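FYI, the numbering for the sequence shown is 3 to 114, going by my numbering.
For each residue, glycine too, the CB sits at the ideal point set by N, CA and C.
Values in this document were obtained by computation on a predicted structure and should not be read as measured data.
A short worksheet on the structure shown next.
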Amino acid sequence: MWAFLLAMYKATDYHYLYDTARWKRLRLNHLQLNPLCVYCLEADRITEATICDHIEPHKGDEYKFFNGKLQSLCKAHHDKDKKREEMGLLRQPYIGLDGWPIDLNGSKQTEK
Ligand SMILES: [Zn+2]
3 MWAFLLAMYK ATDYHYLYDT ARWKRLRLNH LQLNPLCVYC LEADRITEAT ICDHIEPHKG
63 DEYKFFNGKL QSLCKAHHDK DKKREEMGLL RQPYIGLDGW PIDLNGSKQT EK
């Protein structure tokens with residue numbers, strides 16, 4: 003029983019990866035090269051990105067963590083829209099200057 007719980011704990015406890023010098027260097031480098039939130043850019047907004055986000059969830063996989071594709075996000079987008087996407091939900095649309103929602107989810111929304 004304890005071995006099982008320990009294995010479960012180890013499988014989900016990957017936050018140490020964020021403390022590694024390798025990740026800190028990778029994150030800083032990515033944000034320096036890509037300083038703007040990509041989701042904001044899609045909606046014609048300019049926002050400084052503070053989060054270096056893994057496009058594909060790595061779930062503790064060290065290879066994916068250090069080699070997976072990254073994107074720059076602002077905190078608001080990371081905390082709200084990225085989590086919605088990971089739950090299989092669509093991003094909430096922005097309302098453009100013309101009063102119409104900006105389609106951020108490609109054709110998925112119009113097929114409904
Ligand atoms: Zn943003």
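Cβ-Cβ distance between residue i and residue j below 9 Å
i: I48; j: L72; result: no
i: M64; j: L28; result: For the record, residue 64 in the displayed sequence is Glu; it is not Met. Going by C-beta atoms, E64 is not nearer than 9 Å to L28.
i: G62; j: D15; result: yes
i: E50; j: L35; result: no
i: H80; j: D46; result: no
Paired residues, beta bridge with residue i - DSSP
i: D55; result: Q73
i: L38; result: E50
Cβ-Cβ separation, residue j to residue i (assumed contact under 8 Å), whole Å
i: K84; j: L75; result: 6 Å
i: K26; j: T52; result: About 14 Å; that fails the 8 Å criterion.
Residues of its chain near residue i, where Cβ-Cβ distance is below 8 Å and the 5 sequence neighbours each way are ignored
i: S109; result: Unreliable placement is indicated for S109, whose pLDDT of 43 sits below 50; no coordinate value is reported for it.
Cβ-based neighbour list, residue i, same chain, cut-off 7 Å, excluding 5 preceding and 5 following
i: A23; result: none
i: E113; result: Residue confidence for E113 is low, a pLDDT of 41 falling below 50, so the modelled location carries little weight and cannot support an answer.
i: L33; result: A51, C54, S74
i: H60; result: K66, F67, G70
May I have all residues whose beta carbon comes closer than 5 Å to any heavy atom of ligand 1, sorted in chain order?
-> That gives C39, Y41, C42, T49, C76, H79.
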